[in-house]
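Peer 1:
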Amino acid sequence: MTTRWAPAKKDTLRALATEILHNYSRGRAFVAVDGPAGAGQSAFADDLAAALVEAGHAAFRASVSDFGRPRGEGGAVADGEPAPVDGALLRRVLVEPFRLGGSTAWVPAAFDSASQREVEPRWVTGPDDALLVVDGEALGRPELAGLWNYTVWVTPGGGRGGLRAVATAVVDVADPEHPRRVFDDAC
């Protein structure tokens, strides 16, 4: 049986970090790590942020799930649907302050979905040149689509279509230690 070669995790992450920094090394920018439920977006986003820091660039983390809505306020979801996000809160305490740069502080988490409660804000600041890596599900939905400068679609297999089609990069994480970049372009 022939085994297909697959790059090591660190090599895939470093190549992705290099590509992102080529385009977004100056100023503040947002990198979304999207994918279907259970695809491992959070772990991949953590690793990508670490690769960006390893490359010598400031990178911070946030999860869209930390800006959810309580179940009683439109937070209940049908099976297979992404959890609703408080878009106004996300923009007010994370997106807009991060974009301003300088000494403006932002809040990386405002809601604990497990306890269904708001969390005490923890204000964070960073340098003028920084990336914010945000993970979640359906980050390309209409109320969030225009927020991201670069989108990585993490997939545990071959499914196509949907929000994957609008991602800047697609990474197959069927083997988490050997994630592969997938090029979906067609001529």
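For the sequence shown, the working numbering begins at 506 and goes up steadily by one.
We put the beta carbon where it would ideally sit given N, CA and C, even for glycine.
Just the Cα atoms here: how many angstroms apart are C692 and A670?
Peer 2: Any answer about C692 is weak, because its pLDDT of 47 lies below 50 and its placement is not dependable; what the coordinates show is given next. One C-alpha to the other measures close to 14 Å.
Peer 1: Can you name the start and end residues of the beta strand (DSSP E) that F565 belongs to?
Peer 2: That run of the beta strand (DSSP E) goes A563 to S568.
Peer 1: Given a threshold of 16 other Cβ atoms within 10 Å of its Cβ, counted over all protein chains shown, does L518 qualify as buried or as exposed?
Peer 2: buried
Peer 1: What's the call for R627, buried or exposed, on a 16-neighbour Cβ count within 10 Å?
Peer 2: exposed
Peer 1: Along the chain, which unbroken stretches of the alpha helix (DSSP H) at least 4 residues long are found entirely within the stretch 508-564?
Peer 2: List check, alpha helix (DSSP H) in window: 514-529 and 546-559.
Peer 1: Please list the terminal residues of the continuous beta strand (DSSP E) segment that includes R604.
Peer 2: First-last for R604: E601 to L605, but that is the alpha helix (DSSP H), not the beta strand (DSSP E).
Peer 1: Using CA atoms only, rank isn't needed, just tell me which of G631, S568 and N654 is closest to F549.
Peer 2: S568
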